[in-house]
Structures are given as C-alpha cells and as structure tokens.
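S.K.:
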DNA sequence: CCAATTCACTTGTTTTTTGCAAGTGAATTG
DNA sequence: CAATTCACTTGCAAAAAACAAGTGAATTGG
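Here you go:
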C-alpha cells in the first residue's frame, strides 16, 4: 500500500493513469488537454515519473517524429480492478458523478466481465496507434 | 473519479485512510506515529479535510477528555474493495511488499468474503473504543 | 492543591513543490 | 525555407510541506 501511495498517491499521476486506462488518452497533447488543467512542466515530470516506475512506456510516432505517445504497461493495466472499484464508490457518494448507475450495477453484478470489457477497450485504442518505436 | 482524486489523490489523505481502514488506527497519536512520518500541522489539516469530506468523524474520549479519536464513516468503509484491490496489485508488483501472498490469493478467490472480514475487523476495533462523544 | 506532564493542535520559518509565462529546438508543413 | 507544430525547459512568483517551537486545556503525581 505504501508502494501504491508512492506511485499514484499524487493527484497528477492519478489523473494521468485514469486518462490512459479509462479515457483512451495516449498522446502528450491529449494529457495536456485534461479537464483538470495540468501545467506542462508538471506533465513532463509526471510522465517521466510514471515511465520510471514502469507504468507507462514512451514511444515516438514514426509517422510524425515530433509526436510522442505513451502506452500503459501490464503493471498499469493491472490497476484496472482497483480503479473501477473507485468509480463505483464515486457513483455512490459523488452527487456530481458523470458515471452512469448502469456502470456500477454492471460492475457489481459481474466485475470480471466489466474489467475484461475495459481491457479490450485499451487494446482497441492501442491497435489504432502506429507500431511503437522506442 | 475526479471526486475520488480530490479526496484521496493526496498522499497523506491516502495514508490516513489506509491506517484507519486497514491498520486499526483511531487516535491522533496513532496517526502521528505512522511509518511515513507526517508533520503535526499536516496531520491536523488532513484530519480536518477528511472530516469535512465526510470520511472520518471526530470524537473526544470521555475517559480522558484531552484525547481525540476518529472513526471511519460508512463512506470511508465503502472504499475497502478499492483499497484491497490496490493491495493485491502491490503484492504483484512491489518487491518489498509486506502483504503475504495468501492475502492476494484469498481476495482473488473470494473478494466478498475478504472484504467482509475487514469489515468485521473495523467493527471489532470500533467496539473496543469508548462511546463516541462528538 | 499545584507543579509537571500529556495531548491535540498552532504558529512561525525554511525548504520544496506548484502554477504560470515564456522560451527552445527538433521535425514538419505550405 | 519561413512559419508552424510539438514536446518539453527554464525562470520566477505563489502555494504548500517539513521542521522546530510553542500553546492551552485536561490530567497525573506528590
């Protein structure tokens, strides 16, 4: 748990992991445009930190070498169950949640299937990206 | 998720919730003695923040009125599944984890039972405390 | 009693981190 | 080949954290 706190017990790391796992964000520019409004220096710092801790892998877009994208590693993907658990919690206690009740219902009835659905979503987004060049 | 990040996307809030939910800590002095070494001003600030967001309730020990303890609310207890999910994740990826493999095994085989076990643990700790005086 | 102690915080002060504005340099486009 | 895109850096002011030292109510020991 101390390990977990060290990695995403930081607001921005938490937001970035959410964006990459749940919102299909991959490019630097995508992350920068997050609703929360992260500063560029903090974004660069946190992407580096997440790469260093093995949560994201950094790649250069071969079609346009000035663009960079980040892929969630298996280690990051393994957080999905915990993240989805937090979303369910939010649907119960956040009055302004954007997550529909149907999500919480589905997750509670069959968590494994819900997790599997998000896993395939991640694969689908990754498949649409160019072949990673490290 | 944004709501969740706002509440425990902060290292110290995260640690305090872990301590109250998983390590049976209740008294101000208990939290202060956490391995991570929180400063007193930050501790006071975070306890107030968690109380304001309805995660903890503050009580004065009637037996010794200078002592204060904090109880996790139902809202905080509802985070148990997500927290336990994170611990399972840590057992897989943190080489220095203190959690035994048996825990991850039990949780994966029967998450509901494992959650229920922690719920009763929380009740057991609470039952040993004096009647809460707000 | 009452001086010493415990306990949950506060109050400075220094150090670290963040947010903001403005670059920078490599790669690409028109 | 000048203008633009893009992923960062850099410099600086502001906010937050760590550290050290109180403060005051409640309790204990003599």
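Chains as they are written, first to last, in the working numbering: chain A, 1019 to 1152; chain B, 1019 to 1152. Idealized CB from N, CA, C, for every residue including glycine. Note that the coordinates shown come from a computational prediction; the quantities given were computed from them, not determined experimentally.
Using CA atoms only, rank isn't needed, just tell me which of A:1090, A:1085 and A:1120 is closest to residue 1141 of chain A.
M.R.: In the first chain, counting from the first residue as 1, residue 1141 of chain A sits at position 123. Looking at the Cα atoms, A:1090 is the closest of the given residues.
S.K.: Taking C-beta pairs closer than 7 Å, name the residues in chain A that residue 1115 of chain B reaches, listed in chain order.
M.R.: Stepping through the second chain from its first residue, residue 1115 of chain B is reached at position 97. Near residue 1115 of chain B (Cβ distances below 7 Å), the residues of chain A are 1021.
S.K.: Considering Cα atoms alone, identify which of A:1036, A:1029, A:1025 and A:1072 is closest to residue 1025 of chain B.
M.R.: Residue mapping note: residue 1025 of chain B aligns to position 7 of the second chain, counting from 1. Nearest option by C-alpha distance: A:1029.
S.K.: Counting only runs that start and end within the segment 1056–1119 of chain A, where is the alpha helix (DSSP H) found for 4 or more residues in a row?
M.R.: Complete alpha helix (DSSP H) runs here, min 4: 1058–1070, 1092–1095 and 1098–1111.
S.K.: Check for me: the alpha helix (DSSP H) holding residue 1137 of chain A runs from which residue to which?
M.R.: In the first chain, residue 1137 of chain A corresponds to position 119, counting from 1. Note, residue 1137 of chain A: alpha helix (DSSP H), 1129–1145.
S.K.: Quick one: is residue 1090 of chain A near chain B, going by C-beta distance under 8 Å?
M.R.: Here residue 1090 of chain A refers to the residue found at position 72 when the first chain is read from its first residue. Cβ-Cβ to chain B under 8 Å: no for residue 1090 of chain A.
S.K.: Rank A:1021, A:1136 and A:1113 by C-alpha distance to the C-alpha of residue 1124 of chain A and give the top, closest one.
M.R.: Looking up residue 1124 of chain A in the first chain gives position 106. Measuring from the Cα of residue 1124 of chain A, the nearest candidate turns out to be A:1136.
S.K.: Please classify residue 1138 of chain A: is it buried, with 16 or more other beta-carbons within 10 angstroms of its beta-carbon, or exposed?
M.R.: Against the first chain, residue 1138 of chain A aligns to sequence position 120. When all chains shown are included, residue 1138 of chain A counts as exposed.
S.K.: How far does the alpha helix (DSSP H) with residue 1044 of chain A in it extend, from its first residue to its last?
M.R.: Residue mapping note: residue 1044 of chain A aligns to position 26 of the first chain, counting from 1. Where residue 1044 of chain A is concerned, there is no enclosing alpha helix (DSSP H), given that its DSSP letter is neither H nor E.
S.K.: Alpha carbons only, please: which of B:1129, B:1067, B:1046 and B:1069 is nearest the one belonging to residue 1058 of chain B?
M.R.: Sequence index remark: in the second chain, residue 1058 of chain B carries index 40 (1-based). Closest option to residue 1058 of chain B, Cα to Cα, is B:1046.
S.K.: With C-beta atoms as the reference, is residue 1108 of chain A less than 8 Å away from residue 1096 of chain B?
M.R.: Taking the first residue of the first chain as position 1, residue 1108 of chain A is located at position 90. Taking the first residue of the second chain as position 1, residue 1096 of chain B is located at position 78. No. Outside cutoff.
S.K.: Consult DSSP for residue 1024 of chain A and reduce its assignment to one of helix, strand or coil.
M.R.: On the first chain, residue 1024 of chain A is found 6 positions in, with the first residue counted as 1. Helix, per DSSP.
S.K.: Compare the C-alpha of residue 1144 of chain A against each of A:1062, A:1080, A:1120 and A:1038 and name the closest.
M.R.: Here residue 1144 of chain A corresponds to residue number 126 of the first chain, with the count starting at 1. Ranking A:1062, A:1080, A:1120 and A:1038 by Cα distance to residue 1144 of chain A puts A:1038 first.
S.K.: Would you call the segment 1115–1131 of chain B in contact with the segment 1067–1085 of chain B, where contact means no fewer than 3 C-beta pairs closer than 8 Å?
M.R.: No contact exists between the segment 1115–1131 of chain B and the segment 1067–1085 of chain B.
S.K.: My assumption, with CB atoms under 8 Å, is that residue 1105 of chain A sits in contact with residue 1117 of chain A. Please give the rounded CB distance.
M.R.: What you label residue 1105 of chain A is simply residue 87 of the first chain in a count that begins at 1. What you label residue 1117 of chain A is simply residue 99 of the first chain in a count that begins at 1. Rounded, the Cβ-Cβ distance is 5 Å, consistent with contact.
S.K.: For residue 1033 of chain A and residue 1020 of chain B, what's the separation of their Cα atoms in angstroms?
M.R.: Residue mapping note: residue 1033 of chain A aligns to position 15 of the first chain, counting from 1. Residue mapping note: residue 1020 of chain B aligns to position 2 of the second chain, counting from 1. Approximately 8 Å between the Cα atoms of the pair.
S.K.: Mind checking if residue 1130 of chain B is an interface residue toward chain A, Cβ cutoff 8 Å exclusive?
M.R.: As a working note, residue 1130 of chain B is residue 112 in the second chain. No, no contact with chain A.
S.K.: Counting contacts by CB-CB distance shorter than 8 Å, is residue 1135 of chain A in contact with chain B?
M.R.: Here residue 1135 of chain A refers to the residue found at position 117 of the first chain. No, because no Cβ of chain B sits closer than 8 Å to the Cβ of residue 1135 of chain A.
S.K.: Quick one: Cα of residue 1147 of chain B to Cα of residue 1129 of chain B, how far?
M.R.: Translated into the one-based positions of the second chain, residue 1147 of chain B becomes position 129. Translated into the one-based positions of the second chain, residue 1129 of chain B becomes position 111. C-alpha separation (whole angstroms): 28 Å.
S.K.: Checking 8 Å against the spacing of the C-beta atoms, do residue 1056 of chain A and residue 1050 of chain A come in under that value?
M.R.: Position 38 of the first chain holds residue 1056 of chain A. Position 32 of the first chain holds residue 1050 of chain A. It is a contact, given that the beta carbons lie within the stated cut-off.
S.K.: Quick one: does residue 1076 of chain B have its CB under 8 Å from some CB of chain A?
M.R.: For the purposes of this step, residue 1076 of chain B is taken as the residue at position 58 of the second chain. Residue 1076 of chain B does not count as touching chain A.
S.K.: When burial is assigned at 16 or more other CB atoms within 10 Å of the CB, is residue 1099 of chain B buried or exposed?
M.R.: Taking the second chain and counting its residues from 1, the one referred to as residue 1099 of chain B is at position 81. Buried: at least 16 other Cβ atoms inside 10 Å.
S.K.: Determine the DSSP secondary structure at residue 1149 of chain B, reduced to helix, strand or coil.
M.R.: Here residue 1149 of chain B refers to the residue found at position 131 of the second chain. In the structure shown, residue 1149 of chain B sits in coil (DSSP, three-state: anything other than H, G, I, E or B).
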